[in-house]
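Asks: My structure is below; once you've seen it, I'll send some questions.
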Amino acid sequence: MKNNFSILYTYNKKLYHTVDSTRFSFWLVNSGYKWCIAFLFLTILYPVNAMASNYTYTMAFQAFLKWVPLLVKSGFVLNVIISFFAMMIGTALGVILGLAQVSQYKIVRIFASSVTQLFRNIPWLVLLFIIMLTFPFEIETDDKIYKIPDWTKAVFGFSLPIMANISEIVRGAIKSVPLGQWEAAESLAFSRQKTFWQIILPQCYKRMIPPWMNWYAILSMATPLVSLLGVEEIITLSRQAMEAENNNPELLIPFYSFALLIFFAYCYPIAKFTIALEKRYAVKL
Amino acid sequence: MNTWTEKEPILSIKDVHKSFGELEVLKGVTFDVMKGEVICIIGPSGSGKSTLIRCVNALNEIQSGSIKVEGVEVNDPKLDKLALRRKVGMVFQQYNLFPHKTAIENIMMAPIQVLKQDPKEVEERAHTLIKKVRLQGKENSFPGELSGGQQQRIAIARSLAMEPNIMLFDEITAALDPETVKEVLVTIKDLAQDGMTCCLVTHEMGFAKEIADHIYFTDRGIIVEHGPPKTFFTDAKDPRTKEFLSQIL
Numbered sequence: 448m449k450n451n452f453s454i455l456y457t458y459n460k461k462l463y464h465t466v467d468s469t470r471f472s473f474w475l476v477n478s479g480y481k482w483c484i485a486f487l488f489l490t491i492l493y494p495v496n497a498m499a500s501n502y503t504y505t506m507a508f509q510a511f512l513k514w515v516p517l518l519v520k521s522g523f524v525l526n527v528i529i530s531f532f533a534m535m536i537g538t539a540l541g542v543i544l545g546l547a548q549v550s551q552y553k554i555v556r557i558f559a560s561s562v563t564q565l566f567r568n569i570p571w572l573v574l575l576f577i578i579m580l581t582f583p584f585e586i587e588t589d590d591k592i593y594k595i596p597d598w599t600k601a602v603f604g605f606s607l608p609i610m611a612n613i614s615e616i617v618r619g620a621i622k623s624v625p626l627g628q629w630e631a632a633e634s635l636a637f638s639r640q641k642t643f644w645q646i647i648l649p650q651c652y653k654r655m656i657p658p659w660m661n662w663y664a665i666l667s668m669a670t671p672l673v674s675l676l677g678v679e680e681i682i683t684l685s686r687q688a689m690e691a692e693n694n695n696p697e698l699l700i701p702f703y704s705f706a707l708l709i710f711f712a713y714c715y716p717i718a719k720f721t722i723a724l725e726k727r728y729a730v731k732l
Numbered sequence: 004m005n006t007w008t009e010k011e012p013i014l015s016i017k018d019v020h021k022s023f024g025e026l027e028v029l030k031g032v033t034f035d036v037m038k039g040e041v042i043c044i045i046g047p048s049g050s051g052k053s054t055l056i057r058c059v060n061a062l063n064e065i066q067s068g069s070i071k072v073e074g075v076e077v078n079d080p081k082l083d084k085l086a087l088r089r090k091v092g093m094v095f096q097q098y099n100l101f102p103h104k105t106a107i108e109n110i111m112m113a114p115i116q117v118l119k120q121d122p123k124e125v126e127e128r129a130h131t132l133i134k135k136v137r138l139q140g141k142e143n144s145f146p147g148e149l150s151g152g153q154q155q156r157i158a159i160a161r162s163l164a165m166e167p168n169i170m171l172f173d174e175i176t177a178a179l180d181p182e183t184v185k186e187v188l189v190t191i192k193d194l195a196q197d198g199m200t201c202c203l204v205t206h207e208m209g210f211a212k213e214i215a216d217h218i219y220f221t222d223r224g225i226i227v228e229h230g231p232p233k234t235f236f237t238d239a240k241d242p243r244t245k246e247f248l249s250q251i252l
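As given, the protein sequences belong to chains A and B, one line each in that order. Under my numbering, the residues of the first sequence are numbered 448 to 732, in order. Under my numbering, the residues of the second sequence are numbered 4 to 252, in order.
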């Protein structure tokens with residue numbers, strides 16, 4: 448039997464012992480059943496061990512402090528960069544799609560609303576998996592190889608659902624302008640195009656800004672999803688840092704609390720500002 | 004070629020039928036309006052008054068019959084709607100001012116954008132119009148900062164800025180309180196005195212009596228009775244008109 452799946456071959460020590468002897472599975476198989484039992488026993492006892500050890504929360508906190516600059520500078524900043532670019536791309540595409548949703552042509556409307564509904568109603572994580580895992584990690588041209596960093600794929604993955612939601616915001620804002628505005632413009636001999644660009648759309652901007660900011664806050668809170676795919680943002684870095692500090696359970700609290708707090712500190716002002724804008728732009732009739 | 008002259012009716016409506024789906028709103032309406040004439044259309048709610056004047060500037064389509072504005076057929080698929088609407092101004096019950104523009108911008112927008120007139124000249128005209136509707140000092144207010152009566156007068160000025168030949172008024176005082184109704188009516192009276200052709204849909208009987216050259220009473224999609232105000236109000240013949248007038252007056 449010849450095939451490419453080594454997993455289908457029966458295990459052969461001679462074949463493998465030179466390959467990667469540091470592997471856990473290799474060690475497990477070689478160590479025999481006694482070691483297996485010992486290992487299981489250790490695993491079960493691990494939390495007890497941890498508690499019994501004299502690693503305290505103070506120590507965990509001190510260890511955590513060392514990592515803060517890294518977590519912020521290359522972790523959280525990447526989250527912000529991802530959310531920023533995803534928002535820019537998503538908004539640009541979403542506005543086009545939203546305008547297409549109110550097009551005069553039925554075929555354009557149907558296409559735009561199908562795309563919108565598709566990306567609005569699928570789980571972000573699944574979409575991210577598909578994009579991160581199917582898109583190439585590098586592009587080869589004749590003379591050069593361009594590496595595509597993971598985070599740019601994450602940007603693209605996030606920009607699609609944002610696009611769909613912005614599209615709905617645009618459509619909703621346009622539809623919320625009273626019909627009387629169209630009629631008044633028409634009776635002043637404005638063409639449909641002119642009515643749309645000069646009278647209807649300018650009234651929409653104000654209505655679109657608060658929900659747009661709301662979606663930005665939602666997006667930035669969703670960026671840690673890409674830690675599941677290995678993008679080195681704040682949560683990935685936190686996990687790596689904790690590993691470097693021997694995975695003491697006491698580390699969980701400072702590291703993850705910090706992540707929560709930094710996102711809260713970033714998103715709460717946005718939410719506050721959104722509410723303030725909503726109040727100010729409350730439609731006067 | 005259009006051979007219309009001022010001796011012919013400026014607005015000629017013949018046997019107009021209009022329905023919304025199953026519901027027939029206009030069942031054969033016919034009348035003429037001469038240049039400079041002021042007509043009032045009165046009648047109970049749902050009798051098709053508003054629909055009728057909305058058909059005149061092609062906001063609603065009609066199913067059969069003919070509407071001619073200065074000799075141009077409105078019920079024509081090849082109609083140049085924009086050209087028609089330059090000649091026919093319309094004011095709505097809900098004012099429909101553009102909320103993101105100031106009063107004077109509302110007035111100046113259409114002449115500059117649609118007629119491509121010189122902004123300076125339009126601005127001068129806009130100031131004259133604001134004076135005419137007695138709203139000096141409100142040039143830079145936004146519609147949200149104006150009272151209903153003030154908004155409606157700006158809406159009238161906005162239509163006038165297009166220098167139309169006919170003005171249509173669709174229950175323009177219906178949303179106003181009695182205090183402010185007067186200021187709007189004074190504006191229209193000024194207009195009528197200047198010789199503007201006006202078609203008003205209104206519930207203000209006293210005003211209709213005072214201003215109109217001719218009054219049309221509609222009920223259930225037809226014109227039941229019409230005549231000059233003197234005879235119309237005192238000498239109504241149709242029982243439906245009599246009943247309506249007895250309720251109102």
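Positions of the beta carbon are idealized from the N, C-alpha and C atoms, including for glycine.
Apart from the five residues just before and just after H464 of chain A, which ones in its own chain have a Cβ nearer than 6 angstroms to its Cβ?
Replies: Within the first sequence, residue 464 of chain A is the residue found at index 17, counting from 1. Because the pLDDT at H464 of chain A is just 49, under 50, the model does not fix this residue reliably, and the value given afterwards should be weighed accordingly. For H464 of chain A, where only same-chain residues beyond five positions count, there are no Cβ hits under 6 angstroms.
Asks: Say whether chain A places a C-beta atom closer than 8 angstroms to the C-beta of Q154 of chain B.
Replies: Here the question's residue 154 of chain B lines up with position 151 in the second sequence. Answer no: the Cβ-Cβ gap between Q154 of chain B and chain A never drops below 8 angstroms.
Asks: Taking Cβ to Cβ, would you say P701 of chain A is nearer than 8 angstroms to F523 of chain A?
Replies: For this step, residue 701 of chain A is matched to residue 254 along the first sequence. For this step, residue 523 of chain A is matched to residue 76 along the first sequence. No, the pair does not count as a contact, with Cβ atoms beyond the cut-off.
Asks: Please list, in chain order, all residues of the same chain as Q736 of chain A whose beta carbon is under 8 angstroms from its beta carbon, the five residues on each side excluded.
Replies: In the structure as shown, chain A starts at 448 and stops at 732, and residue 736 of chain A therefore has no counterpart that could be examined.
Asks: In chain order, what residues of the same chain have a beta carbon less than 6 angstroms from the beta carbon of A547 of chain A, not counting five sequence neighbours either side?
Replies: Counting from 1 along the first sequence, the entry for residue 547 of chain A is found at position 100. Correct list, in chain order: V555 and A559.
Asks: Taking S638 of chain A as the query, report the chain B residues whose CB atoms sit under 7 angstroms from its CB, ordered along the chain.
Replies: Reading the first sequence from its first residue, position 191 is the one you call residue 638 of chain A. Here the neighbours are L85.
Asks: By DSSP, does M2 of chain B sit in helix, in strand, or in coil?
Replies: The shown model of chain B, from 4 to 252, leaves out residue 2 of chain B, and the question about it has no answer.
Asks: Within 8 angstroms, do at least three Cβ pairs link the region 531-547 of chain A to the region 611-623 of chain A?
Replies: Contact holds: three or more Cβ-Cβ distances are below 8 angstroms.
Asks: Return no unless some Cβ of chain A is closer than 8 angstroms to the Cβ of L62 of chain B.
Replies: The residue given as residue 62 of chain B occupies position 59 in the second sequence. By this cut-off, L62 of chain B is an interface position.
Asks: Just verifying my parser: in three-state terms, what is the DSSP assignment at H130 of chain B?
Replies: Position 127 of the second sequence, counting from 1, holds the residue named residue 130 of chain B. Of the three classes helix, strand and coil, the one that applies to H130 of chain B here is helix, per DSSP.
Asks: Can you pull the chain A neighbours of M165 of chain B, defined as C-beta to C-beta under 8 angstroms?
Replies: Start at 1 with the first residue of the second sequence, and residue 165 of chain B comes out as number 162. Neighbours of M165 of chain B on chain A, chain order: L635 and A636.
Asks: Check whether the Cβ atoms of V204 of chain B and I44 of chain B sit closer than 8 angstroms, and answer yes or no.
Replies: Taking the second sequence and counting its residues from 1, one reaches residue 204 of chain B at position 201. Taking the second sequence and counting its residues from 1, one reaches residue 44 of chain B at position 41. Result yes, Cβ atoms of V204 of chain B and I44 of chain B sit closer than 8 angstroms.
Asks: Using the Cα positions of Y98 of chain B and Q155 of chain B, report the straight-line distance between them to the nearest angstrom.
Replies: The residue given as residue 98 of chain B occupies position 95 in the second sequence. The residue given as residue 155 of chain B occupies position 152 in the second sequence. Going from the Cα of Y98 of chain B to the Cα of Q155 of chain B covers about 5 angstroms.
Asks: Residues in its own chain within less than 7 angstroms of L732 of chain A by CB, not counting five upstream and five downstream?
Replies: Within the first sequence, the letter at position 285 stands for residue 732 of chain A. Model confidence at L732 of chain A stands at a pLDDT of 42, short of 50, so the residue's coordinates are unreliable; what they give is reported in the following sentence. For L732 of chain A, where only same-chain residues beyond five positions count, there are no Cβ hits under 7 angstroms.
Asks: Does the count of Cβ pairs from the region 53-70 of chain B and the region 166-176 of chain B closer than 8 angstroms reach three?
Replies: Yes, the region 53-70 of chain B touches the region 166-176 of chain B.
Asks: Identify the continuous beta strand (DSSP E) that holds L62 of chain B and give its terminal residues.
Replies: The residue you call residue 62 of chain B lines up with position 59 of the second sequence. Element bounds for L62 of chain B: n/a, residue is neither H nor E.
Asks: Indicate whether at least one CB of chain B lies closer than 8 angstroms to the CB of A631 of chain A.
Replies: By 1-based counting over the first sequence, the position of residue 631 of chain A is 184. By this cut-off, A631 of chain A is an interface position.
Asks: Select from the region 647-660 of chain A all residues with a C-beta closer than 7 angstroms to any C-beta belonging to chain B, and list them in chain order.
Replies: Correct list: P649 and Q650.
Asks: For R128 of chain B, return the contacting residues in chain A, with the cut-off set at a CB-CB distance below 8 angstroms.
Replies: Along the second sequence, one-based indexing puts residue 128 of chain B at 125. Correct list: empty, because the minimum Cβ distance to chain A is about 15 angstroms.
Asks: To test your reading of the DSSP string, which unbroken beta strand (DSSP E) runs of 3 or more residues are found completely within the region 12-82 of chain B?
Replies: For the region 12-82 of chain B, whole beta strand (DSSP E) runs of length 3 or above, ordered along the chain, are 14-23, 26-36, 41-45 and 67-72.
Asks: Inspect the beta-carbon positions of T105 of chain B and E142 of chain B and report whether they are closer than 8 angstroms.
Replies: Here residue 105 of chain B refers to the residue found at position 102 when the second sequence is read from its first residue. Here residue 142 of chain B refers to the residue found at position 139 when the second sequence is read from its first residue. Yes, Cβ-Cβ distance for T105 of chain B and E142 of chain B is below 8 angstroms.
Asks: Along the alpha helix (DSSP H) that carries D597 of chain A, what are the first and last residues, could you check?
Replies: Start at 1 with the first residue of the first sequence, and residue 597 of chain A comes out as number 150. D597 to K622 is the extent of the alpha helix (DSSP H) around D597 of chain A.
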